[in-house]
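Worksheet for the structure shown next.
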Amino acid sequence: MDYLPIFLDVAGKKIVVDGGTTVAARRIERALSAGAKVHSFDPEPGEEVRAFFGHERLTHHDRLPKETDFEDCHVAYGASEVAQRDDALYRWAKAHGALANVADEKEYCDFITPSVVERDPLTIAISTGGAAPVVARILRARVEAMLPAAYGRLADFLSGYRDRIAEKIKGGTARRRFWENMIEGPVGDAFLAGDEALADELIRNDLAQGGAEKLHRGEVWLVGAGPGDPDLLTFKALRMMQHADVVLYDRLIGPGMLDLVRRDAERINVGKQAGNHVMTQEETTALIIKLASEGKRVLRLKGGDPFIFGRGGEELEDVAAHGIPVIVVPGITAAAGCGASAGIPLTHRAHAQAVTFVTAHGKDGLLPHDWKRLARHDQTVVVYMGLRFVGEIAAAAMAQGVEPSMPIAVIDNGTRTTQRVVVGTLEDIGEKVAKARLKGPALIVIGSVVTMRDTLGIDVTAREEAHTMELVARDGL
Ligand SMILES: C[S@@+](CC[C@H](N)C(=O)[O-])C[C@H]1O[C@@H](n2cnc3c(N)ncnc32)[C@H](O)[C@@H]1O
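Counting in the UniProt record's numbering, the sequence shown runs without a single skipped number right up to 477 at its last residue.
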């Protein structure tokens, strides 16, 4: 972050705007809406600036500014698009201790102006640190579209209960939860649906019933994070990540994902890597139970879907046995994510009428699958956790009578920017994968759907090739 985001209190304070342009008009508008006393300067202001004439807190001067105009000035905006005026404005603003901002002149800016969404009293400011203001503007448009205008009124309405809530509910965490439950629960729903009386009644009831007691109860949320690309998170997963007190995650949680967790939430890495256990399954479950028993909202973030080779069921059995409430949020499993991002449909009327998900190994090592039954021409088999055994799996399948020419693909780091796909047949895949030195996590897809990758024309190869070239340059693969 290159800039410190702050909101300045300028109510009743002097702000100077130099210029008669559209940009000047926007600066005047924002300064007036924040309650400032605005002094604008321009001998021939444009229509948009003139539109503010008559505002009780605007004084327009039909001339250029001079140094004395900057006395007691808090913020000075340059929007004249005249270099000499910009230069003078910056010098005089600095001489009088004002913050300066000259449009499109970075060296004359003490601060940058963000893109703003206003739902008074709610203000959302978006900035790219000056790197790409258009991105901020596009995001602003999205937020505008997403945020019902009533959110501002909701904030106003709830502010009337602040003191009563603070008095009734002690403790920062409990109070934060009370607010969250109100905004995202029946109170917020009632208000946004236009029933202010019902919203008021619900808050009063909650406060009268000592809602705080309920708030001290812990919960466990088992949430699927998808295969790695943060854009593949569900809305529900994201919402819960924003509300958890503590997040337990493992190595399948891709980079960028944890940035979406509430800033103040505790993050615990319980990640397991074959042969390198940070925490055993039993230790993880015991920790989840301990944290929930302390009244925390514990989010267990799992790669893919928690109930597909995620041991989610095992973790929950013990949690439920302790009477702790649980919520499960599904995620996109690796097979679905990797199939899509590698251009391999898992079913296709000409290739596969069934798809089976198997894990390569269980508690006691490599599983003795019946490959002749699984790897057939009319169906697809997706193998999780098989990267280290791909040669053995191919050899076992061929030994059981599956044709050596059966297509097979290994998708490494599927859906991520580092995705790589190795395609071959049972006969040559072991060698190809060894040569590619894939790092995992990786998924194996066996079946003729793999050949669709060449015909679908999904634009995946450019990204993979770019990443492979990077590796060749770095490691000489
Ligand atoms: C313990 S399982 C967890 C599966 C997860 N619950 C799911 O639904 O995707 C871990 C295996 O999932 C597969 N996997 C997970 N994320 C992957 C990714 N981004 N690319 C390829 N394979 C992935 C790999 O086979 C990995 O060994």
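We put the beta carbon where it would ideally sit given N, CA and C, even for glycine. Note that the structure is predicted; figures quoted are calculated from it, not measured.
Contact between R311 and Q281 holds: their C-beta atoms lie close to 6 Å from each other, under 8 Å.
Rounded to whole angstroms, the gap between the alpha carbons of V116 and A265 is 27 Å. When the Cα atoms are used, R137 and A34 turn out to be separated by approximately 20 Å. Restricting attention to alpha helix (DSSP H) runs no shorter than 4 residues, the stretch 154 to 186 encloses them at 162 to 168, 172 to 184, ordered along the chain. For the 8 Å CB-CB criterion, K14 and H60 do not form a contact.
CA-CA distance, V261 to R176, rounds to 16 Å. Uninterrupted beta strand (DSSP E) stretches at least 3 residues long and entirely within the stretch 76 to 129 occur at 99 to 102, 115 to 119, 122 to 126, given in chain order. H377 sits exposed, since fewer than 16 C-beta atoms from the chains shown fall within 10 Å of its C-beta. The alpha-carbon separation between R420 and G343 amounts to approximately 12 Å.
Between the stretch 232 to 250 and the stretch 315 to 322, the count of C-beta pairs closer than 8 Å stays below three; the two stretches do not touch. The bridge partners DSSP lists for R420 are D412. Ranking L32, H55, K66 by CA distance to the CA of F41 puts K66 first.
Residue environment: V135 is assigned as exposed (fewer than 16 neighbouring CB atoms within 10 Å of its CB, all protein chains considered). Annotation for L202: the continuous alpha helix (DSSP H) segment containing it runs 196 to 208.
Less than 8 Å separates the beta-carbon of W371 from that of V402. For ligand 1, no non-hydrogen atom lies closer than 7 Å to the CB of P330. Contact between E105 and D86 holds, with the beta-carbon distance rounding to 6 Å and staying under 8 Å. Contact check for V220 and A237: beta-carbon distance about 15 Å, past the 8 Å limit, so the pair fails to qualify. When only Cα atoms are considered, R267 and G331 end up about 20 Å apart. One thing to note: L374 has its Cβ no nearer than 8 Å to the Cβ of V410. The Cβ atoms of H369 and M452 do not sit closer than 8 Å to each other. A distance below 6 Å between beta-carbons, with the five flanking residues on each side excluded, links F52 to the following residues of its chain, in chain order: I28, L58.
Runs of the beta strand (DSSP E) spanning 3 or more residues and lying entirely within the stretch 227 to 308 occur at 246 to 249, 266 to 269, 297 to 302, in chain order.
The residues V187, A190, F191, in chain order, have a CB closer than 6 Å to that of A199 in the same chain once the five nearest residues on each side in sequence are set aside. Taking every protein chain shown into account, the CB of G339 has 16 or more other CB atoms within 10 angstroms, so this residue is buried. Relative to ligand 1, the beta carbon of T425 is positioned no closer than 7 Å to any heavy atom.
Separation of the CB atoms of T359 and F309 is rounded to 5 Å, and the pair is thereby assigned contact status at 8 Å. Judged by the Cβ position, I411 qualifies as a neighbour of ligand 1 at the 7 Å threshold, a heavy atom of the ligand being closer than this.
Annotated as distal: A352 and G424, with beta-carbon spacing of 8 Å or more.
For A360, the three-state secondary structure derived from DSSP is coil.
Looking only at N413, A83, A145, the smallest Cα-Cα distance to E107 is reached by A83. Annotation: I429 to I408 spans about 7 Å, alpha carbon to alpha carbon. DSSP assignment within the stretch 7 to 72 yields the following whole beta strand (DSSP E) runs of 3 residues or more, N-terminal first: 14 to 18, 37 to 41, 58 to 61.
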